[in-house]
């Protein structure tokens, strides 16, 4: 039976791209970062999308985003909420961690610049310290990859074996 991995044997470029996407040198340490950060992102995304955990849901978040100048608010809420929720799940399960982390880093950069930077560093004043910590974690995961205990690592091993 032919699988996508078997079909790639004559195409080193495709295998190289897939290897770069899933490869990780992080060992087990990335898991200690990936899972709690993924939980935080998924929970914040669920607040925006579904109104879970005391959130305002898609329409409430969209109205707030429009009120601070992120227009169209509903679309911005959908994009931010989806990035956080699905990106967080990707981190938790270790699937497509590098692209998810890049999207999450961008989302945090927008949040810092659009919402928090004017309030200074500290969270107690509505500042950007929490967003900065999540940005740093996302950038770190984008660089290192998912780590050994991940779906990405299993897929990379499979690509290298074929």
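Numbering (this note's numbering), first residue to last: 102 to 263.
Ideal Cβ placement from N, Cα and C applies to all residues, glycine included.
Check: Alpha carbon to alpha carbon, how far is residue 218 from residue 259?; Outcome: 44 Å
Check: Please classify residue 148: is it buried, with 16 or more other beta-carbons within 10 angstroms of its beta-carbon, or exposed?; Outcome: buried
Check: Have a look at residue 228 and residue 164 and give me their C-alpha separation to the nearest angstrom.; Outcome: 21 Å
Check: Who are the Cβ neighbours of residue 208 in its own chain at under 7 Å, not counting the five residues just before and after it?; Outcome: 181, 184 and 185
Check: Please confirm if the segment 246-263 is in contact with the segment 123-132, defined as three or more CB-CB distances below 8 Å between the two stretches.; Outcome: yes
Check: DSSP three-state call for residue 246: helix, strand or coil?; Outcome: coil
Check: Pick out whichever of 220, 210, 215 and 194 has its Cα sitting closest to the Cα of residue 131.; Outcome: 194
Check: Taking residue 216 as the reference, give the member of 236, 166 and 159 with the closest Cα.; Outcome: 166
Check: Residue 138 and residue 192: beta carbons closer than 8 Å?; Outcome: yes
Check: Measuring CA to CA, which of 141, 160, 174 and 250 is closest to residue 128?; Outcome: 250
Check: Any idea what DSSP makes of residue 137, helix, strand or coil?; Outcome: helix
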